[in-house]
Each structure stands twice: as C-alpha cells, then as structure tokens.
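> Got a structure for you, questions after.
There are 4 protein chains.
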Amino acid sequence: MKRLRQSKYHYTLSASHKPLLRVNAGETIVVETIDAFGGRIKTEKDLPTPDRIPLDQVNPQSGPIYIEEAEKGDALVIDIVDIVINSKYGVTAIVPDFGGLTRTDYTRLLNDPLLPITRICPIKNNLIQFSNQIFIPVNPMIGTIGVAPESEAIKSLTPGPHGGNMDCPDVCKSNKLMLPIFTKGAFLFLGDVHAAQGDGEISGVGIEVPAECTLKIDVIKEKFIDWPRIESNNYIMTVGSYRPLDDALRIAFAELIFWLEKEYNFDRLEAYQLCSQVAKIRVAQMVDPFYTIIAKFPKKFLSSSS
Amino acid sequence: MKRLRQSKYHYTLSASHKPLLRVNAGETIVVETIDAFGGRIKTEKDLPTPDRIPLDQVNPQSGPIYIEEAEKGDALVIDIVDIVINSKYGVTAIVPDFGGLTRTDYTRLLNDPLLPITRICPIKNNLIQFSNQIFIPVNPMIGTIGVAPESEAIKSLTPGPHGGNMDCPDVCKSNKLMLPIFTKGAFLFLGDVHAAQGDGEISGVGIEVPAECTLKIDVIKEKFIDWPRIESNNYIMTVGSYRPLDDALRIAFAELIFWLEKEYNFDRLEAYQLCSQVAKIRVAQMVDPFYTIIAKFPKKFLSSSS
Amino acid sequence: MKRLRQSKYHYTLSASHKPLLRVNAGETIVVETIDAFGGRIKTEKDLPTPDRIPLDQVNPQSGPIYIEEAEKGDALVIDIVDIVINSKYGVTAIVPDFGGLTRTDYTRLLNDPLLPITRICPIKNNLIQFSNQIFIPVNPMIGTIGVAPESEAIKSLTPGPHGGNMDCPDVCKSNKLMLPIFTKGAFLFLGDVHAAQGDGEISGVGIEVPAECTLKIDVIKEKFIDWPRIESNNYIMTVGSYRPLDDALRIAFAELIFWLEKEYNFDRLEAYQLCSQVAKIRVAQMVDPFYTIIAKFPKKFLSSSS
Amino acid sequence: MKRLRQSKYHYTLSASHKPLLRVNAGETIVVETIDAFGGRIKTEKDLPTPDRIPLDQVNPQSGPIYIEEAEKGDALVIDIVDIVINSKYGVTAIVPDFGGLTRTDYTRLLNDPLLPITRICPIKNNLIQFSNQIFIPVNPMIGTIGVAPESEAIKSLTPGPHGGNMDCPDVCKSNKLMLPIFTKGAFLFLGDVHAAQGDGEISGVGIEVPAECTLKIDVIKEKFIDWPRIESNNYIMTVGSYRPLDDALRIAFAELIFWLEKEYNFDRLEAYQLCSQVAKIRVAQMVDPFYTIIAKFPKKFLSSSS
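Protein chains in written order, with our numbering: chain F, 754 to 1059; chain R, 754 to 1059; chain E, 754 to 1059; chain Y, 754 to 1059.
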C-alpha cells in the first residue's frame, strides 16, 4: 500500500504544486497529515497568535496526489477506510478574530478582539479529555480534503466546489466522498483531521490532531458534478459552501434536488417538496472564509413516486 | 381538563387580543388548532394562491390563553404532553414566492415565480402517504407557539424572542418549551401543527394538519430569559430567529453559552470551546420572514470543569 | 395651520393608538417632534445606557395623525415643506450594542461591548460644531416617518413597507415622500429628526434634535404601492428595508424597476439594464433592526425607448 | 512611454503569470484592454451564453506588469491619467444567472433563469446611445484592476484585498488608486473598462468597451495597507469586498476609520462618530462573487479635533 509522508506542506490547493504521489484508480493509500496548527502548538503556553501561526501557514495540506485516470469532467471517489490519530493529545484554541461568535477579518468591528487561549486535550482509550470532568468520545474526521481548482490557487482555509476546508463530521471513516475533477490528475490534497468536532465548529477550532488517513481512490469517468457529495449508510448528502449560510444552504439543496431528479427519477418539485418533509441539514462550520452546509436525504426514501 | 376550541383565529400575536381561556400555573389544557392554510385547502385543486389564502390570513393561531400567575420577567414553561392529529390527511404545497429555493417577498428577483402546487397526503397508521411509493412516519410538532410581545403585535408568520413561527421539530411531544414572558398573563398562542417536517422546511410547507395539543402550563417566577429554550431527554436547546441564518445561529449560540455559564457553572469561553466539539445545530426553517436555528447541547456533558 | 404638540409619545406604529390630530387631504400641518433619546440626554455626562434610555423608550414618535380621506390601497403623499430644528444643540452618541461596527442584539458575539459616549454638538448659523475644529453644515431630515401597518404594531425603531425608521437623508425639505396606506385614516407618525446624517448612519446615531416639521398631506386614491417612494427635483427613488443589505437593495430595485415599467413605459428588462448604467444607490442606514437602501433613478432618463 | 498590447489575456490574477511589461516606479504607461466579453459580442445576435462566453473566459485581463521597486509590504499607487475608449460602441447584456436581481450560481434557486439579451450601444460625441431616446454621458472607469495575491491565484471575476473586479466608478480619470503589494514586482493586471456604470451595476453588466488606460505607477515603500484605497479631489475612500454587502460595508468602514486614526490624527471612536454624520457610501457592485462597497470621507473634514 502506497504511503504519503512529506516534510513540506501546502497552504494552497492548486495544480501548480508538484505531485508527491501518483496512484491509479482503485488503489488504497495511506496519507499522513499534520494538525491545522502545523504542530506548532505543543503546550498550553503556545498561544495561537499571528507570530506563532502566521496567517499564510494555517492548515497545512498533504499532497498533492496525482490520480492517473482523472480528467476534467470525471468524478473522484474517495472511500474513507480509516482515520488513525497520530498523537496522544489534541489541541483546541481560541484564535483571536477567528470563530463564529467574534469579530473576524470578514466581519470587521470596533469591539476588542478575544484573547488567545490554548487547551491541550489528552486522548486515551478513545476519549478526549476536554477538562477534569468532561470526556468526549473520539470521532475522527478529515477537516480539509479537496482537489485542485481549474485555474485558481485556493487557500487551504477556504472551502468551495473543489472541497477544501469543509470541516464536515460526515467526512469520516466508512463514508464515501465524491469530488468534481477540474484538471488532469485531479491533484488531491488533505489535512486538518479533527479527533472530534461539533456542528458549526463554533469557536473555529476542533480537537486538532495529526493522523494517518487510509483512502481508497477511484474515478468515475465522465460524471460531471458541480459540488462535493458524501454518502453514508443512511444518507446521500450534498455540500454547499458560501456566505452567508443562507446561500450555502441553497447550494446544498439545489445540488441535492438536481441529484434526486437526475439519478433517482424524482420530479424536481416533488423532490423539493419531499426534502421539506424528510431532509436533514448539518451546519458543518460557520467560521471559515465561506461557511459549509450539508443537505442530507435519507436513503430509505430513495424511490420516486412517478 | 380545560379545552380551548374557537371559531375565530388570530393572525398576530399581541396582548390586545381578548383571552379566550384563563389557566393557572400547573394546569394541563387541550388546545384545538387548525392548519396553517386555515382549512381552505381540501383537494389538490385548491391551490395556495393569494385569492384563496390572503396574505393576512396565513397561519391562524388559537388563543390567546391567559396564565394567571404570569408577569413580565417570569418564564413560561410548556410541557408538550401530546399532539394528536385531527385529520385523515395533511396538506403540503408549493406557494409561489414562498420557500427557501425561490424568489420571495424578501429576496425580490426578476425571475418568474414558481407555479402553485397542492399535494394532499393521506395519513393512516402513523404514516403519511407522500406519494404512491413514499410513506413518511408521523412525527407531529407545533410549528407556531408564542406569547404576546411587550408592545408590538407580530404576525403569526414571524418567529422571534417571543417564540412564534419557529417551525422547529423539537417542539414535539415529551419536550419542554420555555418562553420569556413580556406582559401580565403571558397571552399564549399556538397553531400550525405539522405531521412531519424536515430540517429547514425547505419548500416552506410541512405536512400541515389540524390537531389537538395537550399542554401542561407552568410559570417560573423571576426567571428572565431573552429567547425561547427547549429541553428534551438528551439536550438543552436555545432558539435564535433572525436573518440571515448566520445571525440566527449567533443568537442561539450566545444564548446557549450564557445559559451554560449562568446555570451550569461553565466558564464562558470554556463553554464556547466545548460547544465547538459537542454541540448540535438544527436549522429549523429558512423560509419564514426570519429564519430559525436551534443550538443543542448534550446533557451528558453538563458538568463544568472548574 | 394645524399644529400637533403632544406630551406623550409612541414607541410603536399602530392603528390602535388614538389619533391626536385629524386632517384632510390637501392640508399643511406642523408637527413638533422630540429627539430620538426623548430629550433625556442634555450633557455629555448623560450616557446612553439602558437605565437612562430603556429599550422600550427609544425613538419617540409624534402622532398618530388621522387623514380623513385615507383608505387601504390609497397612497399617502407628504410634501416636506420645512424642518426647523428646535434646539441649540444636537446629540450624538456611542450606544453600546448598537451601530454598524459593533456586536449588537442582532449580531451576537462574545467580544466586549463598546463603552457609551455622549457628544453634545452646539448648532449655530446652520453649522453643527462636532468638535473644536470640525463644523458640519446643517441638513435636516426626518429619520422616522411612517403609517400604521395593517394588523401589526411595529416598534418605532424598525423600518418596513410602512416607512418607519428609514433614517434616509432624502426625507428632507422640498422632497416628497409617498407611503402605502394600510388602514382607514392612515395613522401617520413621525419623529427622530437629524440635523445631519451620513450615509449608513454607521455609529447608529445622527445629530439628534427636536424639530418642527411642516408637512403638506395628500392622498392619491386607489394607488397601491408596496413600499415607500421619494421624489426630489432630480430623482425618483424607492425604499427597501430588510436584512441583510443585499435583500434591502433587491427590494428597492425591484420596486424601482416595476415603477419604471408601470408608470414610465419602460420594458422591465430594459429598465433593469438601464438602472445598471445610471442608477444611484444610497445606503440610508445599516444599524436598525432592518437596514434601508434607497434606489435612485435620475429623472432626466425618464423616457422609454419603445 | 511604454505601451502594453498583448494577444493573450489572463483570467486569474497570480504571480505565476509571466510579466509582459516591466516598469520603474514613477513611469507612466499605456495599457490596452479588451472588453469583459473578450470582444466576442459584436452584434445583438451574439448572446452572452456559456457556449459563446465560457465561464473560464470571462473578464480577460491585460498584464501582468512587473514594477521593479515593488516588494511585499509596500503600497502601489496608480494615478489614472486617462481612459480612452477604443470602440465605436459598447456592449451591455442580460447574462442568465448573473446579476443582482436574478438567481445566480451563488444564490441557487428553482425559478427559471432570465433569458439572455444583448444590447449594442453606439458611442458618439461622448454619449452612449442606450436606446432611440436615451443617451448616457460617457464616464469611463476601470472595472477590474489589481495585483497578484501572495499565494493564491484569484479569478479575474472576483474582487478582494488585492483589488480585482471592484467595478467601482471612482476608479476613473484623475483619481488615484492605492493597492497593497503582496509579492515582489506587484504584478499589476487590469481590464474590464466601462464607458458608464450605475451604482450596484445591478444587471451585472456595464457599458463594456475596449480601452487604452494611461497610468502613472508609483510605489510607497513600507506602507502596509490591508485593502485598496482611492483618492479623488474631494474624498479619501476605502474599498471593501465580501458577501453579504453588510460585511463588505464593515470592511470599508473599519479601513476608513483606521486610516483616519493612523494618518489624520483622529481618535478611533471620534472618527466612527464623525463618519456617522459625514461619510458617503457607494455600492460599487452587488453582482460579482463578492460585493464591493466604497466608504468615502470628505476631505474638507480632514482635521482632527484633538
């Protein structure tokens, strides 16, 4: 099984970076990732300030991985076989001017910023020790995973049609992620594993850990999708990322409804009406430059009425 | 047990309406509600157009119910004992210029409106027949429930600090709703029961039904809350309603964090960081004049670290 | 000339308040207004804190004025004949949790609030003395003016289709304001005069003054408009109020384009394209519960191409 | 005087493109630009559909121009000496799924798209003939002008801290634009000249023309600015681009207030309060992937009170 371990990481997703691993459709690989702070926070005295974590060195990405069969207009299918945490602790923090309940670079205000705080959380027996009394079950997910956009180079902090920093707990073991392919080779990047994360990732930071991600990579030829999709045992899901949340939600649902129409034989407005009764929504995060919403349709209702 | 049945309904929540039922704290009552279309849609030929459903006659409310002990600054506690659907069918519809994926009166565009559609869904054996093949489990909830605001009269279509049209599936049997009280007597209104509803209520319409709601009413004296709260077996929840979704979400989480700080002994920023790992979010609806978000904190983590 | 002077003011716009003046279409009247702080701030030591300015006593309104001919579906036309400032100074302030660049009750954050500041600005010779060196020309405008909504009672702090707290510098001497009429008698309210105000009213407060407003009142029968309109010598203007600004802007432009189509013989999409080349936009305010945008069309282009 | 004429244009702003012109600080140059449709629309039968105007070939940029003295942390100063229109007509259009009053790729809805329309407007004697009766004065502006971001490659359709597609009528003859410099050489790009444009560019399209832009290029060493600035005879201006408009406006005003504090000796909150009385706001555009707001401070008030 091929393994990707690298010493230098990327802060943009772009096809201009040199592939570090080349794989064929059907292969299973292991990718080592470091945490979103680049391993620079080791104790609670290491505060997440701009001098320690320069703005252009947030969220380091492993990759790019070049997939031989991948061409523009195909879909990349990633089975998440396993995510193994590679540390005895996770890091969470208050990063001033980052998070859902603070002024940020995007919602500029005259109030004083929050002060930085670092919290180191030991991980043992599948439990994260958040505090003396509070233990959170480990539930690892890949925070950032995406392909190179067609012509742009996009910061690893930003989610979009290419995937990227979606911070979605459904990108977890046993689930399948499907990404659009914009360039020959696809150029897959990943990083930013969280040992656990709540909906919205409201403080801006999960339980950040290094990890080993085992992924089975596949390509569906000539399957054009506009935005990422996820499948679990119980749901088909679409991902929309934009600002405000309203527009992220609209993207996710438009994609979900067109998917139901195209591949599951629903009438478009019937799908719209049915979603209104049975869909689930996850607010994945409301902290990154764009926000991410997951629209979920229960597989048990996947039989059209026509 | 007192029962409220009325022939004329209200389209605003206001203390200027005459109480139709007076109850004491501790009483359990039954309130009959009609559906959000006021029973005006009976067949699939009855389309939800402005001539059939005038804009000022949407979402009829039962009440007001006057609670003797209630005074400004107290909290109203409503145990939802039961919700019994009072019809053999439910109604859902495409209402032109209403819903999450269409131009509306609030997001005015030059695209043509969607065309109206009515769908009548038979309800039998706790199943809603959405189409020939698709059956949805009955899961009744009270779409609109709220008190009179202090000085305003607010449309029954609009949610806010007073509750109102929150369209939240957690306002269901066995859960407890807590509302701020702004005026002597509280003036409780309710209506708009849905036999089922997905997150976001994306088409703008659930499975609309008339119902009988059994509620145990209580008052906590001198307990000032700013926004509605909900409790289930597993979660404490706060409700935020505004536009865009971002600001509704911020309200819900600020309320949740202050609740954790005030009543559960958390440090404020500790609560913020913990929510980032364990909170759940429900997008209740993104279709009403304000949107509604529920921030949920799992009760199992309700023990502070200090 | 009839004059309205009153001792008790209103904090909601509603047809449930007793008319204090009855006028006929065509009459010119003088209305005395007090400042938005209700005259409670007289020195720079009087800070705008909730104990001094209770939340339910912000923005006192004179009126209601009952217009005899006014009926639902008519339009109310108000010629602003004059606005005379009734004080030797104006008040501006930093109100904590209010304003465009701070956390507010609508954008709830964990940052600390701004501290309250009061600034008293002497007014002399048509100049407002903002500081030792800075003098601002007096340019009075009526910040809040509106009619009773059909069934609601709306806080005087909130703008909407009924007008209300639009905080628009174009509501000034020599301009004409047109409001929809929702109820018999119209029930006109006004207050909140500013001696001067910038676009956006970014700190949330203009140069707040008491004033005497001379208004010529008229009614156009059976002229249904959805939102307020303003006319100056050079522009026809429409007003949209909502959140976020995007949706306020869409309302204003949809109203402007439909106006051009209906009354000035433009094709709808031609008007859309022409607005893209010649329209002006004013952000009236981004601080009230809803934000207000003015879309302006230069009168010199008021001749359709067809 | 150096002149830049090129045959191949760029659709991203990035330092990875090869400089086509190298200039020294202090030089004046002429840059030839083609119109935003790449000259592909010549008659009213040439509709702006995706087959004619592929999504990745919208808004072609001239450049990059390498400025020898420019280094990260400096400011680039561009005096707009002249903008000469290089065509006898301008093009405007309805582009389906693009514009402020339609569903778009960012506000995904189920309503049908608008239909494409092309309008060719002859330009003669400094007048644009919009229709038989309507003539619009020529008022040329550079719609897109920006530098390379530090690590990203950003689509020419998107505005940001680097400038880019701001679509701001204040980027016109005699005004001065200041841009942050993120990379050695700055890498200046420009294009998208409009013969005229209204506030908001509401249909998404101005009067699009090819042009010759005469620019005097300068560098201020070690002057770090976060966002673009503009100066005219009467105003200092800051540019904020994001979504929703609210956040673009907050960026522009935070930048303006910090500018007043840092360079004009104002106290921060004094500047905030003064802006509330005298600032002007231009909504440059509400149609691109991010929206652009200009906050303007009148130079006549540029003397602090301290």
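Think of the CB as a built atom: it goes at the ideal place given N, C-alpha and C, for glycine as much as any other residue.
Which of the three DSSP states, helix, strand or coil, is assigned to E/Cys1028?
Residue numbering aside, residue 1028 of chain E sits at position 275 when the third sequence is read from its first letter. DSSP places E/Cys1028 in helix when its eight states are reduced to three.
> Which chain F residues sit within Cβ distance under 8 Å of Y/Pro997?
Locating residue 997 of chain Y in the fourth sequence gives position 244, counting from the first residue. Under the 8 Å cutoff, chain F gives Arg996, Pro997.
> Taking its Cβ as the centre, do 16 or more other Cβ atoms sit within 10 Å of E/Gly779, making it buried, or is it exposed?
On the third sequence, position 26 is the one that residue 779 of chain E refers to. The residue is exposed, with fewer than 16 neighbouring Cβ atoms inside 10 Å.
> Name the residues in the stretch 859-882 of chain R whose C-beta lies less than 9 Å from a C-beta of chain Y; which are they?
Thr860, Arg861, Leu862, Leu863, Asn864, Asp865, Pro866, Leu867
> Within 10 angstroms of the Cβ of E/Thr802, are there 16 or more other Cβ atoms? Answer buried if so, exposed if not.
As a position in the third sequence, residue 802 of chain E is number 49, starting the count at 1. Under this definition E/Thr802 is an exposed residue.
> Determine, for R/Asp804, whether the minimum Cβ-Cβ distance to residues of chain E falls below 8 Å.
By one-based count along the second sequence, residue 804 of chain R stands at place 51. Contacts with chain E at 8 Å (Cβ-Cβ) do not include R/Asp804.
> Can the beta-carbon of Y/Ser994 be found closer than 8 Å to that of Y/Gly896?
Within the fourth sequence, numbered from 1, the residue matching residue 994 of chain Y stands at position 241. Within the fourth sequence, numbered from 1, the residue matching residue 896 of chain Y stands at position 143. No, they are not a contact pair.
> Using a Cβ cut-off of 8 Å (strictly closer), state whether R/Leu910 contacts chain F.
Locating residue 910 of chain R in the second sequence gives position 157, where the first residue counts as 1. For R/Leu910, the answer is no, since every Cβ of chain F falls outside 8 Å of its Cβ.
> Whose CA, out of R/Ala1024, R/Ser909, R/Gly852, lies closest to the CA of R/Ile868?
Within the second sequence, numbered from 1, the residue matching residue 868 of chain R stands at position 115. With the sequence shown as reference, residue 868 of chain R is identified as Leu, and Ile is not the correct amino acid for it. Out of R/Ala1024, R/Ser909, R/Gly852, R/Gly852 has the C-alpha closest to the C-alpha of R/Leu868.
> Check whether chain F comes within 8 Å of Y/Pro767, counting only Cβ atoms and requiring the distance to be less than that.
Here residue 767 of chain Y is taken as the residue at index 14 of the fourth sequence, counted from 1. It is Ser, not Pro, that sits at residue 767 of chain Y in the sequence shown. Taking 8 Å as the threshold, the shortest C-beta distance from Y/Ser767 to chain F falls below it.
> Measuring alpha carbon to alpha carbon, tell me which of E/Leu941, E/Val1036, E/Val1031 ends up nearest Y/Ala1032.
To locate residue 1032 of chain Y, count along the fourth sequence from 1; it is residue 279. Sorting E/Leu941, E/Val1036, E/Val1031 by C-alpha distance to the C-alpha of Y/Ala1032 places E/Val1036 at the top.
> How about F/Ser1059: is its C-beta nearer than 8 Å to some C-beta of chain Y?
The residue you call residue 1059 of chain F lines up with position 306 of the first sequence. Note on F/Ser1059: pLDDT 46, under 50, position unreliable in the model; the coordinate value appears next. Chain Y, which has no Cβ nearer than 8 Å to the Cβ of F/Ser1059, makes this no.
> Are the C-beta atoms of F/Leu854 and some chain R residue less than 8 Å apart?
Here residue 854 of chain F refers to the residue found at position 101 of the first sequence. Closer than 8 Å: yes.
> Might you give, ordered along the chain, the residues of its own chain that have their beta carbon closer than 7 Å to the beta carbon of R/Lys974, omitting 5 neighbours on each side?
Looking up residue 974 of chain R in the second sequence gives position 221. Listed in chain order, the non-local C-beta contacts of R/Lys974 below 7 Å within the same chain comprise Asp827, local neighbours out to five positions each way being set aside.
> Give me the Cβ distance between Y/Leu1002 and Y/Cys966, rounded to the nearest whole Å; I'm assuming they're in contact under 8 Å.
Your numbering for residue 1002 of chain Y matches position 249 in the fourth sequence. Your numbering for residue 966 of chain Y matches position 213 in the fourth sequence. Not quite, the Cβ-Cβ distance comes to about 28 Å (not below 8 Å), so this is no contact.
> Looking at the structure shown, is E/Ala1048 part of a helix, part of a strand, or coil, going by DSSP?
Against the third sequence, residue 1048 of chain E aligns to sequence position 295. Three-state result, E/Ala1048: strand.
> Output yes if chain R places a C-beta closer than 8 Å to the C-beta of E/Ile1047; else output no.
Counting from one through the third sequence, the residue named residue 1047 of chain E turns up at place 294. No, because no Cβ of chain R sits closer than 8 Å to the Cβ of E/Ile1047.
> Is the beta carbon of R/Asn918 closer than 8 Å to that of R/Asn839?
As a first step, residue 839 of chain R must be located in the second sequence, where it is residue number 86. As a first step, residue 918 of chain R must be located in the second sequence, where it is residue number 165. The answer is no: Cβ separation not under 8 Å.
> Can you list, in chain order, the residues of its chain whose CB lies under 8 Å from that of E/Gln810, leaving out five sequence neighbours each side?
As a first step, residue 810 of chain E must be located in the third sequence, where it is residue number 57. Once the five neighbours on either side are set aside, the close Cβ partners of E/Gln810 are Tyr764, Gly791.
> At what residue ranges does the stretch 836-895 of chain Y contain a whole run of the beta strand (DSSP E), taking only runs of 3 or more?
842-847, 870-877, 880-882, 888-890
> Identify the residues that DSSP records as bridge partners of F/Ser994: which are they?
Counting from 1 along the first sequence, the entry for residue 994 of chain F is found at position 241. F/Ser994 is bridged to F/Thr1045.
> Name, going along the chain, the residues of the stretch 953-968 of chain F whose beta-carbon falls closer than 8 Å to a beta-carbon of chain R.
Gly953, Glu954, Ile955, Ser956, Gly957, Val958, Gly959, Ile960
> Quick one: which chain Y residues come within Cβ less than 8 Å of F/Glu903?
As a working mapping, residue 903 of chain F is identified with position 150 in the first sequence. Result: Asp809.
> Which residues does DSSP pair with F/Ile907 in a beta bridge?
Here residue 907 of chain F corresponds to residue number 154 of the first sequence, with the count starting at 1. In the DSSP output, where bridge partners are listed per residue, F/Ile907 has F/Leu766.
> From the beta carbon of R/Ala789, is the nearest beta carbon of chain E less than 8 Å away?
Locating residue 789 of chain R in the second sequence gives position 36, where the first residue counts as 1. Taking Cβ atoms only, chain E never reaches closer than 8 Å to R/Ala789, which makes this a no.
> Consult DSSP for Y/Gly953 and reduce its assignment to one of helix, strand or coil.
Residue 953 of chain Y sits at position 200 when you count from the first residue of the fourth sequence. If DSSP states are grouped into helix, strand and coil, Y/Gly953 belongs with the helices.
> Taking the Cβ atom as the reference point for each residue, do Y/Asp999 and E/Pro997 lie within a distance shorter than 8 Å?
Taking the fourth sequence and counting its residues from 1, one reaches residue 999 of chain Y at position 246. Taking the third sequence and counting its residues from 1, one reaches residue 997 of chain E at position 244. For Y/Asp999 and E/Pro997, yes; Cβs fall inside 8 Å.
> Does the stretch 854-864 of chain Y come close enough to the stretch 1003-1019 of chain F to have 3 or more Cβ pairs within less than 8 Å?
yes
> Mapping DSSP to helix, strand and coil, what is F/Gln759?
Along the first sequence, one-based indexing puts residue 759 of chain F at 6. Coil, per DSSP.
> Can you tell me whether E/Leu808 is buried or exposed, with buried defined as 16 or more other CB within 10 angstroms of its CB?
The count along the third sequence starts at 1 and reaches residue 808 of chain E at position 55. With fewer than 16 Cβ atoms within 10 Å of its Cβ, E/Leu808 is classed as exposed.
> Measure the C-alpha to C-alpha separation of E/Thr911 and E/Tyr762 and round it to an integer number of angstroms.
Residue numbering aside, residue 911 of chain E sits at position 158 when the third sequence is read from its first letter. Residue numbering aside, residue 762 of chain E sits at position 9 when the third sequence is read from its first letter. Those two C-alpha atoms are separated by around 16 Å.
> Step through the CB atoms of chain B and report whether any lies within less than 8 Å of the CB of F/Asp923.
The chain labelled as chain B is not found among the protein chains of the depicted structure, namely F, R, E and Y.
> Counting only Cβ-Cβ distances shorter than 7 Å, please list the residues of the stretch 884-897 of chain Y near chain E, keeping chain order.
Ser884, Asn885, Gln886, Ile887, Ile889
> Which value, in whole angstroms, describes the spacing of the CA atoms of E/Ala846 and E/Asp804?
The sequence position of residue 846 of chain E within the third sequence is 93, counting from 1. The sequence position of residue 804 of chain E within the third sequence is 51, counting from 1. Each residue's alpha carbon lies about 15 Å from the other.
> Which class does R/Phe1054 belong to by DSSP, given the choice of helix, strand or coil?
As a working note, residue 1054 of chain R is residue 301 in the second sequence. Looking at R/Phe1054 - three-state DSSP - the assignment turns out to be helix.
> Please list, in chain order, the chain E residues whose beta carbon lies closer than 9 Å to that of R/Ala949.
Along the second sequence, one-based indexing puts residue 949 of chain R at 196. Ordered by position in chain E, no residue passes the 9 Å Cβ test against R/Ala949, which lies about 30 Å from the chain.
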